[in-house]
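Some notes on the structure that comes next.
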Amino acid sequence: MTRDVWTYGETATHATEVDLTGYKVECSDGGIGKVDKHSAEVGRSHLVVDTGPWIIGRQVVIPAGVVTAVDPAAETVFVDCTREQIKNAPEFVPGEDDATGPHKMKFVDYYLAFFR
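The sequence shown begins at -8 in our numbering and counts up one residue at a time.
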């Protein structure tokens, strides 16, 4: 069975009830930036993360299925990937990309490659 990368897992289901915009994002090996946009839309939930000073001027999409936990008290989202994996993820270009239609596939293909 293929993992649904656009749906929050059981450990992060409450993420759909909270606006995660502005939350810090923590990979398995350290921080990567902050959530610039949060979509909890069923079947295409995702975060758009501004990688800030780590990768200047770059935004990436992180599908909901990569989120392992959300700590509202610390305003932190934890994801099941490394900083290197985020660094190598396809760039999100506002106005050109979104998590739907043909653009959605470049993100799906990338994340499914290491979450099978």
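Every residue gets a Cβ at the ideal spot worked out from N, C-alpha and C, and that includes glycine. Keep in mind it's a predicted model, so treat the numbers as computed, not measured.
At a Cβ threshold of 9 Å, is I53 touching chain D?
-> Although the question refers to chain D, the structure presented lacks it and comprises just one protein chain.
Smallest Cα separation from P81: which of G56, A64, V51 and T73?
-> Here residue 81 refers to the residue found at position 90 when the sequence shown is read from its first residue. Comparing Cα-Cα distances from P81 to each of G56, A64, V51 and T73, the minimum goes to V51.
Burial state of S19 (16 or more Cβ within 10 Å) | Here residue 19 is taken as the residue at index 28 of the sequence shown, counted from 1. S19 is exposed by the Cβ-count criterion.
So the alpha helix (DSSP H) E17 belongs to, where does it begin and stop?
-> Looking up residue 17 in the sequence shown gives position 26. Counting along the chain, E17 falls outside any alpha helix (DSSP H), though it belongs to the beta strand (DSSP E) covering K15 to C18.
Alpha carbon of I77 to alpha carbon of I23, nearest angstrom = Against the sequence shown, residue 77 aligns to sequence position 86. Against the sequence shown, residue 23 aligns to sequence position 32. Those two C-alpha atoms are separated by around 8 Å.
Does DSSP classify F83 as helix, strand or coil?
-> As a working mapping, residue 83 is identified with position 92 in the sequence shown. In this structure, F83 counts as coil in the three-state DSSP scheme.
Ordered along the chain, which non-local residues of its own chain (more than five positions away) have a Cβ less than 8 Å from that of D28?
-> Working through the sequence shown from its first residue, we reach residue 28 at position 37. In the sequence as presented, Asp is not what sits at residue 28; that position holds Lys. T12, L38 and V39.
With a CB to CB cut of under 7 Å and the five nearest residues on each side skipped, what residues in its chain are close to F98?
-> Working through the sequence shown from its first residue, we reach residue 98 at position 107. So the qualifying residues of the chain are V52, P54, P81 and A90.
Could you check what DSSP says for D100 in three-state terms: helix, strand or coil?
-> Your numbering for residue 100 matches position 109 in the sequence shown. Reduced to three states, the DSSP call for D100 is helix.
State the Cα-Cα distance for the pair V68 and Y101, rounded to the nearest angstrom.
-> Here residue 68 refers to the residue found at position 77 when the sequence shown is read from its first residue. Here residue 101 refers to the residue found at position 110 when the sequence shown is read from its first residue. C-alpha separation (whole angstroms): 20 Å.
Have a look at V(-4), Y(-1) and A104 and flag the residue whose alpha-carbon is nearest the alpha-carbon of N79.
-> Stepping through the sequence shown from its first residue, residue 79 is reached at position 88. Answer by Cα proximity: A104.
What's the gap between the Cα of S36 and the Cα of G21?
-> Counted from its first residue, the sequence shown places residue 36 at position 45. Counted from its first residue, the sequence shown places residue 21 at position 30. Distance between the alpha carbons of S36 and G21 is about 23 Å.
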